[in-house]
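Residue numbers (the working numbering), protein chains in the order written: chain A, 1283 to 1512; chain B, 2 to 336. Note sheet for the following structure.
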Ligand SMILES: Nc1ncnc2c1ncn2[C@@H]1O[C@H](COP(=O)(O)OP(=O)(O)OP(=O)(O)O)[C@@H](O)[C@H]1O
Ligand SMILES: [Mg+2]
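This is the structure:
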């Protein structure tokens, strides 16, 4: 009963393998250009290291976002296609859940990940096997962060945070009491752990239905046309 | 190598096809034209998101229509260049994951190579005639290519500015006919007089090159000088006259190139090959010149995965394989 976890929403892509709830291994790779190839190379490497064939995998969990648009699409596409082709169970995990789940339990946790150059993806969660949301997930512009914190912070004291260096740089002056864990990308083991618990609880998404959680509409510059027909 | 799956996501059509040898067993195209119509052109990020949503259902539909399970597929052909990178990577990720899961080979195919093979999808028994001349007239390209053999292409001429399809789309936008513009202009032109307006033709004598931006500007100037709103008849005349200017150049230059190269078969491929005036006039001209002309049915003129599968089938049959390191490229020459 192996579950494969895929993470590709940031500059470090990751793959992890869980067996009966136990993390067997995880790898992170700086992928540069060829993200889909590197995810598959890493998966192959991890399977080989444990002497497993691809048939040993029974489920696949994937970080569905938010995060880098292209990375998100590639990770979700690979997860859906593996599930489709090998008849695997498919489970989605948000980037916020993947991050919160590797933090000490019971302490309100702010997850803050890079969005556009001027914004962050943020959410408060309570770490648990499946982290519990304490606020809505949001994309917040740098200048609006202090108002957002004002509205959403669950407690003035005793909170922790996990996120990117840029997120810390922006948030620390606004909320100095936070204890930080720095990451470059959501941890693949977080995707694996939340994915495993979801899967065991019977949750599944159809590969024909899963869509990335972009949290932002595509940017559009409309030429604006009315159609006339003969 | 019997059963091959083709995948195409280079622009705004999500497409999958199943071939058994050279026989098309299914070809599914989910067009996003309606989605992009509201913006008057393809929005790359929206196109890529649509591909992610539709790829797996389209793939399953292609298998269902072919009547085979995924496990029977022996090889995969996928467009990896040129096109919108964000769109290409979706199809490419799907192809690689399938190759991994099924443990079968895959090859990346140049989108224009797919268009070249589209002329031969409906005659699977006929050996591909070499050498032949291909005129690719699509949204992004206008090229004359001498095809010496499989994978052996010589670029004789290309557009120096706008592609033919791009000219259709830009003029249609100017006349507010909606997106995509080619089919709309084709329809309007049927009720118009092709000699009503005298638009310039760029012959670029002594070369096999094309140029359409001057024509587009001439249409713009003419429209600016006309009283508004344009009457339906004026609109139809503008469409017919513009279309005639494009078609005349395409027809004459293609026939001349075929004669100069001494080839007896001409293929006309790409979205603009669906144009009714182009089809009529090029058939006539080729008939007079003793050249056989092959034009795919409309469903194979515009983007489709069947043509990619056919081009890939020949590559796979020759033993070509790509590995997981294959990347998507926004631009890449055919030859
Ligand atoms: N009946 C028609 N008459 C003229 N143009 C047409 C017709 N039907 C489609 N087109 C044009 O064909 C083009 C689309 O063709 P195609 O799908 O081959 O292009 P593309 O894939 O976007 O570009 P490329 O193949 O160069 O990357 C559009 O520009 C469209 O306006
Ligand atoms: Mg095309």
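Glycine included, every Cβ here is placed at the ideal spot set by N, Cα and C. On a predicted model such as this, the values are computed, not experimentally measured, just so you know.
Q | Where residue 24 of chain B sits in the DSSP three-state scheme | A | Locating residue 24 of chain B in the second chain gives position 23, counting from the first residue. It is a strand residue.
Q) What's the gap between the Cα of residue 1286 of chain A and the Cα of residue 1302 of chain A? A) As a working note, residue 1286 of chain A is residue 4 in the first chain. As a working note, residue 1302 of chain A is residue 20 in the first chain. Looking at the two C-alpha atoms, the distance is approximately 12 Å.
(Q) Once the 5 residues before and after residue 1420 of chain A are set aside, which same chain residues still bring their CB inside 8 Å of it? (A) Within the first chain, residue 1420 of chain A is the residue found at index 138, counting from 1. Here the set comprises 1403, 1404, 1405, 1430 and 1497.
Q: Pull up the CB-CB distance for residue 1409 of chain A and residue 1382 of chain A, whole angstroms please, since I reckon it's below 8 Å.
A: Within the first chain, the letter at position 127 stands for residue 1409 of chain A. Within the first chain, the letter at position 100 stands for residue 1382 of chain A. About 5 Å separates the Cβ atoms of residue 1409 of chain A and residue 1382 of chain A, confirming a contact at the 8 Å cut-off.
Q. Closer than 8 Å: is that where the CB of residue 1337 of chain A sits relative to any heavy atom of ligand 1?
A. Position 55 of the first chain, counting from 1, holds the residue named residue 1337 of chain A. The answer is no for residue 1337 of chain A.
Q: Compare the C-alpha of residue 1343 of chain A against each of A:1415, A:1298 and A:1309 and name the closest.
A: As a first step, residue 1343 of chain A is located in the first chain; it is residue number 61 there, counting from the start. Scanning A:1415, A:1298 and A:1309 for the CA closest to the CA of residue 1343 of chain A turns up A:1298.
Q. For the segment 285-298 of chain B against the segment 107-120 of chain B, are there 3 or more C-beta pairs whose distance is under 8 Å?
A. Touching, yes, given that three or more Cβ pairs across the two stretches are closer than 8 Å.
Q: Return the residues of the segment 1346-1360 of chain A that lie within a Cβ-Cβ distance of less than 8 Å from chain B, sorted by chain order.
A: Listed in sequence order: 1351, 1352, 1355, 1356, 1358, 1359 and 1360.
Q) Residues of chain A with CB under 7 Å from residue 170 of chain B, in chain order? A) Reading the second chain from its first residue, position 169 is the one you call residue 170 of chain B. Neighbours of residue 170 of chain B in chain A, taken as residues at a C-beta separation under 7 Å, are lacking, since the least C-beta distance is about 11 Å.
(Q) Give me the subset of the segment 98-131 of chain B whose CB atoms are less than 7 Å from a CB atom of chain A, sorted by chain position. (A) Result list: 98, 99, 101, 102 and 103.
Q. Of all Cβ atoms in chain A, is any one closer than 9 Å to the Cβ of residue 211 of chain B?
A. By 1-based counting over the second chain, the position of residue 211 of chain B is 210. It does not: the Cβ of residue 211 of chain B has no partner Cβ on chain A nearer than 9 Å.
Q. Run through DSSP, which three-state label would residue 1396 of chain A get?
A. The count along the first chain starts at 1 and reaches residue 1396 of chain A at position 114. In the three-state scheme derived from DSSP, where H, G and I count as helix and E and B as strand, residue 1396 of chain A is classed as strand.
Q. Can you tell which of B:272, B:273 and B:256 has its C-alpha closest to the C-alpha of residue 266 of chain B?
A. For the purposes of this step, residue 266 of chain B is taken as the residue at position 265 of the second chain. For the residues B:272, B:273 and B:256, the minimum Cα distance to residue 266 of chain B belongs to B:256.
Q. Would residue 1506 of chain A be called buried (16 or more neighbouring beta carbons within 10 Å of its own) or exposed?
A. Taking the first residue of the first chain as position 1, residue 1506 of chain A is located at position 224. Low confidence applies here, because residue 1506 of chain A scores a pLDDT of 43, under 50, leaving its location unreliable; read the following figure in that light. Only exposed fits residue 1506 of chain A, as fewer than 16 other CB atoms lie within 10 angstroms of its CB.
Q. Does at least one heavy atom of ligand 1 sit under 8 Å from the Cβ of residue 45 of chain B?
A. Numbered from its first residue, the second chain carries residue 45 of chain B at position 44. False, no ligand heavy atom lies under 8 Å from that Cβ.
Q) Would you say residue 234 of chain B and residue 192 of chain B are within 9 Å of each other, going by their C-beta atoms? A) Taking the second chain and counting its residues from 1, the one referred to as residue 234 of chain B is at position 233. Taking the second chain and counting its residues from 1, the one referred to as residue 192 of chain B is at position 191. Taking 9 Å as the cut-off, the beta carbon of residue 234 of chain B is found closer than this to the beta carbon of residue 192 of chain B.
Q.
What would DSSP say about residue 1442 of chain A, mapped onto helix, strand or coil?
A. Residue numbering aside, residue 1442 of chain A sits at position 160 when the first chain is read from its first letter. The answer is strand: DSSP assigns residue 1442 of chain A an E or B state.
Q: Over the uninterrupted beta strand (DSSP E) stretch that includes residue 338 of chain B, give me the two end residues.
A: Past the edges of chain B, shown from 2 to 336, lies residue 338 of chain B, and the structure says nothing about it.
Q) For residue 140 of chain B, does the count of other Cβ atoms within 10 angstroms reach 16, so buried, or fall short, so exposed? A) Here residue 140 of chain B is taken as the residue at index 139 of the second chain, counted from 1. A buried status is given to residue 140 of chain B, since no fewer than 16 other beta-carbon atoms sit within 10 Å of its beta-carbon.
Q: Please name the residue or residues paired with residue 15 of chain B in a DSSP beta bridge.
A: Along the second chain, one-based indexing puts residue 15 of chain B at 14. Residue pairing by DSSP places residue 15 of chain B opposite B:31 in a beta bridge.
Q: Please name the residue or residues paired with residue 1423 of chain A in a DSSP beta bridge.
A: Reading the first chain from its first residue, position 141 is the one you call residue 1423 of chain A. According to DSSP, which records beta bridges pairwise, residue 1423 of chain A is partnered with A:1401.
Q. Roughly how many whole angstroms lie between the Cα atoms of residue 1475 of chain A and residue 145 of chain B?
A. Counted from its first residue, the first chain places residue 1475 of chain A at position 193. Counted from its first residue, the second chain places residue 145 of chain B at position 144. For residue 1475 of chain A and residue 145 of chain B, the gap between their C-alpha atoms comes out near 56 Å.
Q. Is any beta-carbon of chain B found at less than 9 Å from that of residue 1315 of chain A?
A. Counted from its first residue, the first chain places residue 1315 of chain A at position 33. Yes, residue 1315 of chain A lies at the interface with chain B (some Cβ there is under 9 Å from its Cβ).
Q. Is residue 1492 of chain A near residue 1375 of chain A, with beta carbons less than 9 Å apart?
A. On the first chain, residue 1492 of chain A is found 210 positions in, with the first residue counted as 1. On the first chain, residue 1375 of chain A is found 93 positions in, with the first residue counted as 1. Not in contact: residue 1492 of chain A and residue 1375 of chain A (Cβ atoms no closer than 9 Å).
Q: Classify residue 111 of chain B as buried or exposed, calling it buried when 16 or more other Cβ atoms lie within 10 Å of its own Cβ.
A: Translated into positions along the second chain, residue 111 of chain B becomes position 110. Buried, since its Cβ has 16 or more Cβ neighbours within 10 Å.
Q: Determine contact between the segment 1386-1400 of chain A and the segment 1441-1458 of chain A, defined as no fewer than three beta-carbon pairs at a distance below 8 Å.
A: Put simply, the segment 1386-1400 of chain A touches the segment 1441-1458 of chain A. At least three CB pairs are less than 8 Å apart.
Q: Please check if any C-beta of chain A sits within less than 9 Å of the C-beta of residue 298 of chain B.
A: Here the question's residue 298 of chain B lines up with position 297 in the second chain. It does not: the Cβ of residue 298 of chain B has no partner Cβ on chain A nearer than 9 Å.
**Q.** As assigned by DSSP and simplified to three states, the class of residue 166 of chain B
**A.** Counting from one through the second chain, the residue named residue 166 of chain B turns up at place 165. Three-state DSSP puts residue 166 of chain B in a helix.
(Q) Under 8 Å, with one C-beta from each stretch per pair, do the segment 170-185 of chain B and the segment 221-233 of chain B reach the 3-pair mark? (A) With a cut-off of 8 Å on Cβ pairs, the segment 170-185 of chain B is in contact with the segment 221-233 of chain B, counting three or more such pairs.
Q) Who are the near neighbours of residue 1424 of chain A in its chain, counting only those whose CB is closer than 6 Å to its CB and skipping five residues on each side? A) For the purposes of this step, residue 1424 of chain A is identified with residue 142 of the first chain, where counting begins at 1. The answer, listed in chain order, is 1400 and 1452.
Q | With 16 other Cβ atoms within 10 Å as the buried cut-off, status of residue 1369 of chain A | A | Translated into the one-based positions of the first chain, residue 1369 of chain A becomes position 87. Looking at its Cβ environment, which holds fewer than 16 other Cβ atoms inside 10 Å, residue 1369 of chain A is exposed.
Q. When the Cα atoms are used, what is the spatial distance from residue 328 of chain B to residue 91 of chain B?
A. What you label residue 328 of chain B is simply residue 327 of the second chain in a count that begins at 1. What you label residue 91 of chain B is simply residue 90 of the second chain in a count that begins at 1. Spanning the two alpha carbons is a distance of roughly 11 Å.
Q. Below 8 Å, can you find three or more Cβ-Cβ pairs linking the segment 209-220 of chain B to the segment 154-162 of chain B?
A. With the cut-off at 8 Å, the segment 209-220 of chain B and the segment 154-162 of chain B touch.
Q. In chain order, what residues place their C-beta within less than 5 Å of a heavy atom belonging to ligand 2?
A. Those residues that have a beta carbon less than 5 Å away from any non-hydrogen atom of ligand 2 are, in order along the chain, B:139 and B:304.
Q.
With a threshold of 8 Å (Cβ to nearest heavy atom), would residue 173 of chain B be considered close to ligand 1?
A. Residue numbering aside, residue 173 of chain B sits at position 172 when the second chain is read from its first letter. For residue 173 of chain B, the Cβ falls inside the 8 Å cut-off from some heavy atom of ligand 1.
Q. Closer than 9 Å, CB to CB, is residue 241 of chain B near chain A or not?
A. As a position in the second chain, residue 241 of chain B is number 240, starting the count at 1. Chain A, which has no Cβ nearer than 9 Å to the Cβ of residue 241 of chain B, makes this no.
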